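> This is the structure I have questions about; it appears just below.
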Amino acid sequence: MYDEKGQRYLDCINNVAHVGHCHPDVVKAGAQQMELLNTNSRFLHDNLVLYAQRLQATLPDKLSVCYFVNSGSEANDLALRLAWQYTGHKDIITLENAYHGHVSSLIDISPYKFHQLSDVEQNPSVHVAASPDVYRGKYRADHPDPAKAYAGEVKDIIHKVQDKGGKIAAFIAESLQSCGGQVIPPAGYFQQVAEHVRKAGGVFIADEVQVGFGRVGTHFWAFQLQGDDFVPDIVTMGKPIGNGHPMSCVVTTKEVAQAFMSSGMEYFNTFGGNPVSCAIGLAVLDVIVKEDLQGNALRVGGYLTNLLEKQKDKHPLIGDIRGRGLFVGLELVKDRCKLTPATAEAQEIIYQLKEQHILLSADGPHRNVLKFKPPMCFSTEDVDLVVDKIDHILTELEEALGLKFPDKLNVENDGSKRKVSLTQLSVHVPVQKIRTKTKYTNIFLCSTSLISFIILFFFFSKLPSDENEHLCHSGLIYTKGNNPGVTKQTKRLKT
Ligand SMILES: Cc1ncc(COP(=O)(O)O)c(C=O)c1O
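As structure tokens, this is what we get:
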């Protein structure tokens, strides 16, 4: 990416520019069709059928009816309408920290958004299930069966809803949670949730708006990571579908589509599936195949994950690395045991990277997860560059904060000594050093901490915030070189 002065940026977050910014094949396909004809989708055009066929070929056979719409929000809103009409039920189960779009019906099912309102009145037909996060969530990697445990939570919600006379219309989830903190659900979770939901007469909606179109590397759709035995009833697509051109799609089964049609109300969408959008959608699919971008996501994503894993051995601030293909999260913590979120540090990294012309963002409920979801043409050289920069910034941050791994730790345990591996360690604060300081040094340290706290408090309270109420700068103060630190601000990059 280049700015207006020709400055080059490395884009590590833009899953909209899926096959690369301004890809010539996509631009050409759109321009050529625009020269020929673009019209109200009342008029049928071959592109519509061709595109529906091509898209369908990437999906399990059962998912055979496409509705073309114009944004991820429109797709999810239509998915809810399909579910309500097909089931005749009203209640929706969504996940903690989920984001599904900006229209009213979706704010209602997006805790990521509605929790930002202090006087929130949650829609009584919407029920929030625990995020299947095996790192920070209720059931973690050391649980014998986190998939069953998390699916059990959904089952309990269903029973509670039914006890109160409600009926489940749908369970909706991103196939991998994005804004929710790059969460990878444990294998088998979706199958079990789908079983509980379908038993209650509801349907399963997989939101692939962020994660679809080969990003996960091994599969074209992220829900396929759960196994061949899992097929959602409705899949929604957006962002990468048109490489920046506003288009999206809902795909469902014949049964759901027929029930929707039988309501008697015609479904019409002026722009959805217009000839230009379909030409662009076809070109995007062509480029993914021609340039083997799914394979690239697998290879480069694997390379990125490996390199980050090595960084984990070096940097106590790194708590977890998780991902599939070119969808990777790096969770920063101040303490690997308590999982104290390193939010300010994450924001600081984003800020410093931007200063060095690398675009990355942080998300999750604590905004401490660095999220990688770059255009799919991302290369191993790009990985080397960004990881090297992160390494440097982390080293400086850890030095400034006095965070380091102890060389070796022996822990007293019932009279016996047991060694603790590096990965289990919390950040070791050099307490011993502090203890040996003189009384006067301690007084000095306390006063400087208090002054720093007061400065930070005023600084944070004066910072502008973005549309999600996130502060625009980490608030960390530099002590090195001539860096102006607190006077600079950065805008949080959007999802
Ligand atoms: C998972 C998910 N679903 C739906 C949407 C809404 O898409 P749009 O902004 O195109 O309406 C978003 C947008 O960020 C999203 O992340």
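Quick note: the sequence shown uses our numbering, first residue 3, plus one each step.
Cβ coordinates follow ideal geometry from the N, Cα and C atoms, glycine included.
Every value quoted in this text rests on a predicted model; they were computed, and no experiment measured them.
1. V371 to F45, Cα distance in whole Å?
2. Looking only at its chain, what residues have a beta carbon closer than 7 Å to the beta carbon of Y91, apart from the 5 residues adjacent to it on each side?
3. So what does M239 bridge to, in DSSP terms?
4. Report yes or no: do the stretch 275-283 and the stretch 35-45 share at least 3 C-beta pairs separated by less than 8 Å?
5. Ligand 1 and E176: does any heavy atom of the ligand fall closer than 7 Å to the residue's C-beta?
6. Counting along the chain, where does the alpha helix (DSSP H) carrying I160 start and finish?
7. Taking 7 Å as the cut-off, is the CB of Q118 close to at least one heavy atom of ligand 1?
8. Does the Cβ of K30 have 16 or more other Cβ atoms within 10 Å, making it buried, or fewer, making it exposed?
9. Do you know offhand how far C251's Cα is from R326's?
10. Compare the Cα-Cα distances from S165 to each of D93, H145, D27 and S106 and report the closest residue.
11. Check whether the Cβ atoms of L12 and L310 lie closer than 8 Å to each other.
12. Ignoring anything shorter than 4 residues or poking outside the stretch 8-88, list the alpha helix (DSSP H) runs there in chain order.
13. Measuring straight from C-alpha to C-alpha, what distance separates C181 and V122?
14. Contact check, G103 vs D135 under 8 Å by CB: the rounded distance?
15. Just the Cα atoms here: how many angstroms apart are F462 and N16?
16. CA-CA distance, H20 and N308?
17. Is any non-hydrogen atom of ligand 1 found closer than 7 Å to the C-beta of N245, if you look at the structure I gave you?
18. Quick check on K336: buried or exposed, where buried means 16 or more other Cβ atoms within 10 Å of its Cβ?
19. With distances taken between CB atoms, is the gap from F329 to V199 smaller than 8 Å?
20. Buried or exposed: which applies to L80, given that a residue is buried once 16 or more other Cβ atoms fall within 10 Å of its Cβ?
21. Quick one: is the Cβ of C181 within less than 7 Å of any heavy atom of ligand 1?
22. Contact defined as beta carbons within less than 8 Å: I believe G321 pairs with L334. What is the distance between those atoms, to the nearest angstrom?
23. Counting beta carbon pairs with one atom in the stretch 286-302 and one in the stretch 370-386, are three or more of them shorter than 8 Å?
24. Closest to A346 by CA distance: which of H359, K340, S363 and Q358 is it?
25. If you draw a straight line from the alpha carbon of K292 to that of D158, how long is it in whole angstroms?
26. Kindly list the residues whose CB is nearer than 7 Å to the CB of W86, restricted to its own chain and excluding five residues on each side of it in sequence; keep chain order.
27. Using only CA atoms, which one of E400, G404 and L341 lies nearest to R138?
28. Verify the contact flag: H20, CB atom, against every heavy atom of ligand 1, threshold strictly below 7 Å.
Quick look at the numbers:
1. Our two residues, V371 and F45, have alpha carbons roughly 46 Å apart in a direct line.
2. Correcting the residue type first, residue 91 is His in the shown sequence and not Tyr. Exclusion of the five residues before and after H91 leaves K169, I170, A171, G203 and G204 as the residues of its chain whose Cβ lies within less than 7 Å of its Cβ.
3. Paired residue(s): C251.
4. Yes: at least three Cβ pairs fall under 8 Å.
5. E176: yes, Cβ under 7 Å from ligand 1.
6. DSSP places I160 in the uninterrupted alpha helix (DSSP H) bounded by P148 to D165.
7. It does not: the Cβ of Q118 is nowhere closer than 7 Å to a heavy atom of ligand 1.
8. Result: exposed.
9. Their backbone Cα atoms lie some 23 Å apart in a straight line.
10. Reading off the sequence, residue 165 comes out as Asp, not Ser. In terms of CA proximity to D165, D93 leads the group D93, H145, D27 and S106.
11. Cβ distance not < 8 Å, so L12 and L310 don't count as in contact.
12. With a minimum length of 4 residues, the unbroken runs of alpha helix (DSSP H) contained wholly in the stretch 8-88 fall at 26-38 and 48-58.
13. Distance between the alpha carbons of C181 and V122 is about 20 Å.
14. 21 Å between Cβ atoms; not a contact.
15. Confidence is the limiting factor: at F462 the pLDDT is only 45, short of 50, which leaves the residue's position unreliable, though a coordinate-based value still follows. Inter-residue distance for F462 and N16 is about 28 Å (C-alpha atoms, whole angstroms).
16. Looking at the two C-alpha atoms, the distance is approximately 23 Å.
17. Checking the Cβ of N245 against ligand 1 gives no.
18. Classification for K336: buried.
19. In terms of Cβ geometry, F329 and V199 do not form a close pair [threshold 8 Å].
20. Result: buried.
21. Within the cutoff, so yes.
22. Right, their Cβ atoms sit about 6 Å apart.
23. Flag = yes, the stretch 370-386 and the stretch 286-302 touch.
24. Selection H359, K340, S363 and Q358 evaluated against A346 yields S363 as nearest (Cα-Cα).
25. Distance between K292 and D158, taken at the CA atoms: about 46 Å.
26. Only K92 and A171 meet the Cβ criterion.
27. Looking at the Cα atoms, L341 is the closest of the given residues.
28. For ligand 1, no non-hydrogen atom lies closer than 7 Å to the CB of H20.
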